[in-house]
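Residue numbers (the working numbering): 770 to 865.
Even glycine gets a Cβ: it sits at the ideal position worked out from N, Cα and C.
This report concerns only the one structure given below.
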Amino acid sequence: MTGKGSRKGRKGTALHNRLAVLRAERGVSRAELATAVGVNPQTIGFLERGDYGPSAELALKICEFFELPFEAVFSLRPFTPMSQQLYRSADSGGPT
770 MTGKGSRKGR
780 KGTALHNRLA
790 VLRAERGVSR
800 AELATAVGVN
810 PQTIGFLERG
820 DYGPSAELAL
830 KICEFFELPF
840 EAVFSLRPFT
850 PMSQQLYRSA
860 DSGGPT
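Printed below as a string of structure tokens:
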């Protein structure tokens, strides 16, 4: 089955991203990112919520904007929350 009915219970795209986190840590608004990569600010919102999957060109423009490799911004699997990554690295590097 195709169309909206086949998406029951899941997001619109299987491509996960860290756009909201990257924007927040760098103080970039949706409008600023949208202007830099040539899309509407609503598109950035759709991307952040997982309601829209970017074209390869748009994904690469976003990566170039943040000066990060593709896999640091986008993934086929959900990203581990940053706080969990920090706690894990602190636990493994601390004294025993």
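* To do: Answer yes if the region 810-819 comes into contact with the region 841-859, meaning at least three C-beta pairs across the two stretches below 8 Å, and no otherwise.
  => no
* By a C-beta neighbour count over all protein chains shown, 10 Å radius and 16 as the cutoff for buried, is residue 845 buried or exposed? -> Residue 845 sits at position 76 when you count from the first residue of the sequence shown. Result: exposed.
* List the residues that DSSP assigns as beta-bridge partners of residue 815. => Taking the first residue of the sequence shown as 1, we reach residue 815 at position 46. Partner(s): none; residue 815 has no beta bridge.
* Asked: Using the C-alpha atoms, what's the distance from residue 836 back to residue 823?
  -> Walking along the sequence shown from the start, residue 823 turns up at place 54. Walking along the sequence shown from the start, residue 836 turns up at place 67. Using only the alpha carbons, I get a separation of about 17 Å.
* Taking just the CA atoms, how far does residue 852 sit from residue 832? -> As a first step, residue 832 must be located in the sequence shown, where it is residue number 63. As a first step, residue 852 must be located in the sequence shown, where it is residue number 83. Each residue's alpha carbon lies about 22 Å from the other.
* Local Cβ density within 10 Å of residue 816, reported as buried at 16 or more and exposed below that -> Residue mapping note: residue 816 aligns to position 47 of the sequence shown, counting from 1. By the neighbour-count rule (16 or more Cβ atoms within 10 Å), residue 816 is buried.
* Asked: How big is the Cα-Cα spacing for residue 843 and residue 783?
  -> Numbered from 1 along the sequence shown, position 74 holds the residue referred to as residue 843. Numbered from 1 along the sequence shown, position 14 holds the residue referred to as residue 783. Between residue 843 and residue 783, the C-alpha separation is close to 10 Å.
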